[in-house]
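Residues are numbered in the working numbering as their position in the sequence shown, beginning at 1, plus a constant of 179. All remarks here apply to the structure that follows.
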Amino acid sequence: MPMQTIYGSNGWDSYAWGFQAKRTEVDLVIHNPGVDDDPACGPLIDSVAIETLNPPRLTKYNMIKNGDFEEGPYLFANASWGMLIPPIMNDDHSPLPAWMAESLKAVKFIDSKHFSVPKGKRAVELVAGRESALAQIVRTIPGKTYSLTFYVGDAADGCIGSMMVEVYADQGMVDVPYESNGTGGFKKAVLQFVATGNRTRVVFLSSYYHMKFDGSLCGPVVDDVLLLSVRNPGRKVL
180 MPMQTIYGSN
190 GWDSYAWGFQ
200 AKRTEVDLVI
210 HNPGVDDDPA
220 CGPLIDSVAI
230 ETLNPPRLTK
240 YNMIKNGDFE
250 EGPYLFANAS
260 WGMLIPPIMN
270 DDHSPLPAWM
280 AESLKAVKFI
290 DSKHFSVPKG
300 KRAVELVAGR
310 ESALAQIVRT
320 IPGKTYSLTF
330 YVGDAADGCI
340 GSMMVEVYAD
350 QGMVDVPYES
360 NGTGGFKKAV
370 LQFVATGNRT
380 RVVFLSSYYH
390 MKFDGSLCGP
400 VVDDVLLLSV
410 RNPGRKVL
């Protein structure tokens, strides 16, 4: 797990790593494979926890699995900086069920105890600009129209500025602007698209890079992702 980027300002970052158990007992080994100029230097490790993740299931009300992000890694009660979900290239089994960090940098899993969350108790913050993307592959029917709704906001963590979330689904794309004062808030957005294949990749990413006054990385929050098919896309209800 690469740790070249420090996301927080207090020297600590919390990471989630997912694995699939093949036996009833496993050995957990943590070591530093790097070679430093000073052998006395290296990363500090503290507070390790293991939690069972429940695989999310599809429902007739949402084609997106775990769209509310309520199922995810264990969050330490005293860790007010959130939990980083590493890129899928370093994590074969995502600690955020059904989702993957399809990017070079991590995304941040946050809770309502320490952050502002649009809906429910948990959400995801895109903390590394275009290098921080969240994705899920869903089953679709070619030629059918779908409606993707979601919330965009800020985590009330002092992340101030003009934010932009880019959302992609098949050949559909939408830019969702959000003006953040760093004190919390959110807005609802919609992307309608026509599927061209049996599987469609839904991707969320931040157009811009953001930093708080203390130099830590931050960005827009995404929550409550809902995907449904549209029976009569051209019909208007009066």
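For every residue, glycine included, the Cβ atom is placed at its ideal position computed from N, Cα and C.
Check: With C-beta atoms as the reference, is VAL400 less than 8 Å away from VAL303?
Finding: yes
Notebook entry, point to check: Count the other CB atoms within 10 Å of the CB of LEU406; is the residue buried (16 or more) or exposed (fewer)?
Noted result: By the 10 Å Cβ count, LEU406 comes out buried.
DSSP three-state assignment for GLU310, whether helix, strand or coil: helix
Practice task
Please name the residue in GLY337, ASP393, ALA348 and ALA200 whose C-alpha comes closest to that of ASN360.
Solution key: GLY337
Looking only at its own chain, which residues have a Cβ that is under 8 Å from the Cβ of ARG236, when we skip the five neighbours before and after it? LYS244
Buried or exposed for GLU230, please, with buried defined as at least 16 other CB atoms from any protein chain shown within 10 angstroms of its CB.
exposed
| query | Should the segment 343-354 be called in touch with the segment 274-291, which here means at least 3 C-beta pairs below 8 Å? | reply | no
Restricting to Cα atoms, I'd like to know which of PRO356, VAL208, ASN211 and GLY394 is closest to ALA307.
Per the Cα distances, GLY394.
_Straight-line gap, THR319 to PHE372 (C-alpha atoms, nearest Å)_ = 11 Å
From GLU249, ASP333, GLY261 and ASN257, pick the residue whose C-alpha is nearest to that of PRO276; which is it?
-> GLU249
(message) For LEU327, list the residues DSSP reports as bridge partners.
(response) LEU370 and LEU406
Note to self: Quick check: the Cα distance between ILE264 and GLY363, rounded to an integer number of angstroms?
What the structure shows: The C-alpha of GLY363 is placed about 22 Å away from the C-alpha of ILE264.
Check: Relative to the C-alpha of ASN411, which residue among LYS323, HIS389 and LEU384 is closest?
Finding: LYS323
Between the alpha carbons of TYR330 and GLU281, how many angstroms are there, rounded?
20 Å
| request: State buried or exposed for SER341, treating a residue as buried only when at least 16 other CB atoms are found within 10 Å of its CB. | output: exposed
Q.
DSSP three-state label for ILE243, please.
A. coil
- Task: Verify whether the separation of the beta carbon atoms of ASP290 and LYS298 is less than 8 Å.
- Result: For ASP290 and LYS298, no; Cβs fall outside 8 Å.
Discussion item. Once the 5 residues before and after MET390 are set aside, which same chain residues still bring their CB inside 7 Å of it?
Written reply: Around MET390: LEU396 and CYS397.
Could you compute how far the alpha carbon of PHE383 sits from the alpha carbon of LEU207? 33 Å
Review point. Pick from ILE339, SER386, VAL346 and ASP333: whose alpha carbon is nearest that of PHE365?
Key: ASP333
DSSP state of ILE267, grouped into three classes? helix
Quick check on PHE198: buried or exposed, where buried means 16 or more other Cβ atoms within 10 Å of its Cβ? exposed
Please tell me whether SER326 and VAL369 are closer than 8 Å, where the distance is taken between their beta carbons.
yes
Worksheet item: When you compare each of TYR387, ARG378, PHE294 and ILE209 to ASP402 by their alpha carbons, which one comes out closest?
Response: PHE294
Using alpha carbons as the reference points, say which of GLY376, ALA374 and MET343 lies closest to SER385.
MET343
Rounded to the nearest angstrom, how far is the Cβ of LEU254 from that of MET262, given a contact under 8 Å? Between MET262 and LEU254 the Cβ distance is about 6 Å, and since that is below 8 Å, they are a contact.
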